[in-house]
Amino acid sequence: MGISTILLVLAIDCFFVGVSAGGDIVTSQYSPCDEETIACIRSVNEGALPPSFSEQLANNNWRIVYNSKFFAEEAHADCISTHIGIEECYDTYYNNCKYVKTGRYNITYIDDYIEANNVGGVIWHAYTIYHCKETQVVSYYVCSPYGESPFHVDIYCPWTLDDEECRRGMERARKRLEICGIANGKRMCEKRCHDCE
4 MGISTILLVL AIDCFFVGVS AGGDIVTSQY SPCDEETIAC IRSVNEGALP
54 PSFSEQLANN NWRIVYNSKF FAEEAHADCI STHIGIEECY DTYYNNCKYV
104 KTGRYNITYI DDYIEANNVG GVIWHAYTIY HCKETQVVSY YVCSPYGESP
154 FHVDIYCPWT LDDEECRRGM ERARKRLEIC GIANGKRMCE KRCHDCE
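Residue 4 is where the sequence shown starts when you use the numbering used here, and the numbers rise one by one after that.
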């Protein structure tokens with residue numbers, strides 16, 4: 004008698020994750036966090052850590068100004084606004100200043116990265132490649148350690164930051180993404196829509 008393999012496709016937060024189950028073996032569709040990329044990030048980030056919890060709360064309304072192309076396209080969004088809370092963060096997606104959806108994530112600080120997971124149980128690790136203490140512009144390489152979703156990159160600015168300061172910080176962060184071969188993004192939140200802030 005043979006063991007049958009079942010292919011189950013789960014739709015989680017606009018990503019499609021392929022899982023095959025046969026006994027205790029589970030395979031994923033995407034590559035897990037790339038150790039070479041993480042090593043590159045650590046070599047160019049000048050010891051940058053994620054913004055501290057108090058820094059995130061002080062600037063708790065952020066905009067993603069650069070995001071992986073596929074991520075923005077899958078979400079049908081041209082702007083993502085992030086609100087940091089005590090144990091959760093909320094991403095609100097907009098397209099042409101119109102609300103699309105809200106995603107909720109639990110966040111935990113672990114050594115030099117942040118662990119986030121959504122209500123569907125997908126886990127991500129966010130490694131800081133750039134963080135300017137003065138402006139709070141920050142950039143992350145976000146990957147799934149279990150290959151549950153493809154990696155993506157984000158560059159955040161506080162909504163309160165001047166647009167020109169934000170642009171300069173974004174360019175500095177993007178150069179570091181290029182060094183590590185992960186600058187696969189596009190600009191976002193170029194319009195200051197009243198609903199997004």
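Even for Gly, the Cβ is constructed at its ideal location relative to N, Cα and C.
| Asked | Found |
| --- | --- |
| Just to confirm the assignment, what range does the alpha helix (DSSP H) spanning E39 have? | 38-47 |
| Assign D166 to one of three DSSP states: helix, strand, or coil. | helix |
| With DSSP as the reference, please indicate the residues paired to I87 in a beta bridge. | C92 |
| By DSSP, does G123 sit in helix, in strand, or in coil? | coil |
| If you count every other CB in all the chains shown that lies within 10 Å of the CB of S57, and 16 or more means buried, which is it? | exposed |
| Alpha carbon to alpha carbon, how far is E49 from A78? Give it in angstroms, no decimals. | 32 Å |
| Using C-beta distances below 6 Å, list every residue in its chain close to I28, excluding the 5 sequence neighbours before and after it, in chain order. | Reliability of the predicted coordinates at I28 is poor, the pLDDT of 40 falling under 50, and no value is obtained from them. |
| Counting along the chain, where does the beta strand (DSSP E) carrying K194 start and finish? | Where K194 is concerned, there is no enclosing beta strand (DSSP E), given that its DSSP letter is neither H nor E. |
| Just verifying my parser: in three-state terms, what is the DSSP assignment at E118? | strand |
| Considering only the alpha carbon of each residue, which of G124, K189, G172, T105 lies closest to Q139? | G172 |
| Using DSSP's beta-bridge definition, name the partner residues of I67. | I83, Y159 |
| For H2 versus V141, is the C-beta distance shorter than 7 Å? | Outside the displayed span of the chain (4 to 200) sits residue 2, for which this structure offers no information. |
| From L164, M191, Y143, pick the residue whose C-alpha is nearest to that of F154; which is it? | Y143 |
| Which partner residues of Y33 appear in the DSSP bridge assignment? | In DSSP, Y33 forms no bridge with anything. |
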